[in-house]
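Peer 1: Starting off with a structure, shown below.
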Amino acid sequence: MSGVSMRYCAGLGGFDALESRVARFGYSPHRHAEVVIAAYGAGHKRASCGRDSFDIRPGDLLVVGPETLHSGETGAGPGWHYLSIYLRPDQIAAATGLAVPEVETRVAGHRLHQGIHAQDWLRAATSHSLALSELLVALFAAPGDPPPMRHASAGLLRVRDRLADDPASAPTLTDLAALADMSPAHLSRQFRAIWGLSPFQFLTANRTRLAHQHIAAGAPLADVAHTVGFADQSHLNRWFKRIYGVTPGAFAASRAGAVISVQDPRSARA
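First residue of the sequence shown? That's 377 in the working numbering, and the numbers climb one at a time after it.
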């Protein structure tokens, strides 16, 4: 089955996101004015960027720079499934703290990141500015920051407390970096080094825990997602199941006396 959907996302001043399931199809050589970041979830694609040709498989992430000629066609199997976003260099600069000319240098041509399974991360980035900024920092920010701290600095503690005390609001990575008095890239790395989660993952875990508390207290499911800061019910469902192994609805039913079961125990680790 083939299908293409595109939607407009509000982060960084607005950008397009496209999700496509392609069966036995080829894209003619073409260019985009934006940076294209595409995460592949299924299938096999044979791609060309500039003079290079290569295979793309599930779990791979491809970055194609502005005005880079590229094409693609179905490889072995029925087709492929991917999610892609389209960003201008100045938007990436705003998220990472890099200068626009530096971003333009780093996004030139193309890069293939194999086996990093970033589709869920990219999907989160279409709805959450913090997740988007973290993805861009991971892809484009310069190496060479100071080594990870052994203990949290006062700035990192301020960020942690901000995310823990008010999980329903949605700060940007730039906001948090200013609070920590460090660059976005430095904050992202140091926060993960201390607490084992990125700021976005930490925020989402706190939102999910807050949702758990609201549901346990009998709050209507229809209200919980918005109350704790999730974009919609589907986002809450996805994260709740990852952390607790069941959906919010199943958890609410269990609190009402129903017996619930999880058919696949791996769902809690999906």
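C-beta atoms are modelled at their ideal positions from N, C-alpha and C, and glycine is treated no differently. Keep in mind it's a predicted model, so treat the numbers as computed, not measured.
What does a CB cutoff of less than 7 Å around D608 pick up in its chain, not counting 5 residues either side in sequence?
Peer 2: So the qualifying residues of the chain are A601.
Peer 1: Strictly by DSSP, which residues pair up with G419?
Peer 2: BP columns for G419 point to W456.
Peer 1: Closest to H374 by C-alpha separation, out of R422, A470 and V440, would be which residue?
Peer 2: Nothing about residue 374 can be read from this structure; the chain reaches only from 377 to 646.
Peer 1: May I ask you to report which of helix, strand or coil DSSP gives G531?
Peer 2: If DSSP states are grouped into helix, strand and coil, G531 belongs with the helices.
Peer 1: Need the endpoints of the alpha helix (DSSP H) that D496 sits in, please.
Peer 2: Counting along the chain, the alpha helix (DSSP H) containing D496 begins and ends at Q495 to A501.
Peer 1: Note down, in chain order, each residue of its chain lying with its Cβ closer than 7 Å to the Cβ of A484, except the 5 sequence neighbours on either side.
Peer 2: Only G441 meet the Cβ criterion.
Peer 1: Just to confirm my understanding: we take V439, look at its own chain, exclude 5 residues before and 5 after, and list those with CB closer than 6 Å. What are they?
Peer 2: The answer, listed in chain order, is I413 and R487.
Peer 1: Return helix, strand or coil for H408, following the three-state DSSP convention.
Peer 2: In this structure, H408 counts as coil in the three-state DSSP scheme.
Peer 1: If we ignore side chains and look at the alpha-carbon of each, how far apart do R538 and I461 end up?
Peer 2: Whole-angstrom Cα-Cα distance: 29 Å.
Peer 1: Given a cut-off of 9 Å on the beta-carbon distance, is the pair L512 and L463 in contact?
Peer 2: Yes, Cβ-Cβ distance for L512 and L463 is below 9 Å.
Peer 1: So, are the CB atoms of T450 and H420 less than 9 Å apart?
Peer 2: A contact, by the Cβ cut-off of 9 Å.
Peer 1: By the 10 Å Cβ neighbour count, where 16 or more other Cβ atoms means buried, how is S545 classified, buried or exposed?
Peer 2: The residue is exposed, with fewer than 16 neighbouring Cβ atoms inside 10 Å.
Peer 1: What separation, rounded to the nearest whole angstrom, lies between the Cα atoms of A475 and Q589?
Peer 2: C-alpha separation (whole angstroms): 43 Å.
Peer 1: How should H527 be labelled, buried or exposed, when 16 other C-beta atoms within 10 angstroms of its C-beta is the threshold for buried?
Peer 2: H527 is exposed by the Cβ-count criterion.
Peer 1: Flag this pair as yes or no: are the beta carbons of H505 and T548 separated by less than 9 Å?
Peer 2: In the sequence on display, residue 505 carries Ser and not His. Cβ distance < 9 Å, so S505 and T548 count as in contact.
Peer 1: From G625 to D428, what distance separates their C-alpha atoms?
Peer 2: Spanning the two alpha carbons is a distance of roughly 49 Å.
Peer 1: Sorted by chain position, which residues of the same chain lie with C-beta nearer than 6 Å to L498's C-beta, five sequence neighbours on each side aside?
Peer 2: Hits under 6 Å: A415 and L459.
Peer 1: With distances taken Cα to Cα, identify the nearest neighbour of E478 among A517, G387 and A561.
Peer 2: The option with the nearest alpha carbon to E478 is A517.
Peer 1: Between A469, P575 and A500, which lies nearest to L385 when the distance is taken from Cα to Cα?
Peer 2: One detail in the question is off: residue 385 reads as Cys in this sequence, not Leu. Among A469, P575 and A500, the Cα nearest to that of C385 is on A500.
Peer 1: Where does the unbroken alpha helix (DSSP H) through I619 begin, and where does it stop?
Peer 2: Q609 to Y620 is the extent of the alpha helix (DSSP H) around I619.
Peer 1: What number of angstroms, rounded off, separates the C-alpha of L612 from the C-alpha of T584?
Peer 2: Computed Cα separation, rounded: 7 Å.
Peer 1: Please go through the same chain and pick out, in chain order, the residues whose beta-carbon is closer than 6 Å to the beta-carbon of Y403, but skip the five residues on each side of it.
Peer 2: Answer for Y403: S447 and G448, listed in chain order.
Peer 1: Around the C-beta of S509, are 16 or more other C-beta atoms found within 10 angstroms, so that it is buried, or is it exposed?
Peer 2: The residue is buried, with at least 16 neighbouring Cβ atoms inside 10 Å.
Peer 1: Identify, in the order they occur along the chain, each residue of the same chain with its Cβ nearer than 7 Å to the Cβ of E395, setting aside the five sequence neighbours on each side.
Peer 2: The residues are S381 and L459.
Peer 1: Mapping the DSSP letters down to three states, classify G390 as helix, strand or coil.
Peer 2: In this structure, G390 counts as coil in the three-state DSSP scheme.
Peer 1: On the criterion of 16 or more Cβ atoms from any shown chain inside 10 Å, does Q577 qualify as buried, or is it exposed?
Peer 2: With 16 or more other Cβ atoms within 10 Å, it is buried.
Peer 1: Any heavy atom of the ligand HEM inside 8 Å of the beta-carbon of P543?
Peer 2: What this structure holds is no ligand at all, so the ligand HEM is not there to describe.
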